[in-house]
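Working notes, beginning with the structure itself.
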Amino acid sequence: MKAFIIIGAINALLSVGLGAFGAHGLEGKIPEKYLETWKTGVTYQMFHSTGLILIGLLLGKFPESSLLNWAGWLMLIGIILFAGSLYILAVTQIKILGAITPIGGVAFLTAWLLIIIAAWKWM
4 MKAFIIIGAI NALLSVGLGA FGAHGLEGKI PEKYLETWKT GVTYQMFHST
54 GLILIGLLLG KFPESSLLNW AGWLMLIGII LFAGSLYILA VTQIKILGAI
104 TPIGGVAFLT AWLLIIIAAW KWM
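Terminal number for the sequence shown in the numbering used here: 126, no gaps in between.
Structural data, given as structure tokens:
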């Protein structure tokens, strides 16, 4: 419970910092297309940071839920692969890195599906 709340809050903090860096540090230094890619990474990181906090809170009520535990780890993996690959893509403009992004997206989808199943099962 506590770990996912902390991990979520750290990622939310990073998301705000990375968003500010993108807006002020990257503007004019990378093409607009890649600045939008950066913003997409920030947006998804923030949404899923909130998801991690939600999972932590749900684990407080259902501490034995392996579904929620897996959802939390998959959400973190999704942040790393999805948002991380977009950040690296934006600054390096190495397009092959975009192939990693969907793997993170699948991790996000699976995490949300596990939350749905856990809610159906216990709530």
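Where a beta carbon is used, it is the ideal one built from N, C-alpha and C, also for glycine.
Next item on the list: Determine which residues share a DSSP beta bridge with ILE33 and list them.
Entry: Bridge partners of ILE33 according to DSSP: GLU30.
Check: Between the beta-carbon of GLY54 and the beta-carbon of MET78, is there less than 7 Å?
Finding: Cβ atoms of GLY54 and MET78: closer than 7 Å.
Check: What are the boundary residues of the alpha helix (DSSP H) that includes PRO66?
Finding: PRO66 -> no alpha helix (DSSP H), and no H or E assigned at all.
Note to self: Spatial neighbours of MET4 within its chain, please: C-beta separation below 6 Å, excluding the five flanking residues on both sides.
What the structure shows: Answer for MET4: GLY59, LEU62, GLY63, listed in chain order.
Margin query: Less than 7 Å between the C-beta atoms of GLY44 and ALA86, yes or no?
Written below: A contact, by the Cβ cut-off of 7 Å.
Margin query: According to DSSP, is GLN48 part of a helix, a strand, or is it coil?
Written below: Residue state for GLN48 is assigned as helix, using DSSP reduced to three classes.
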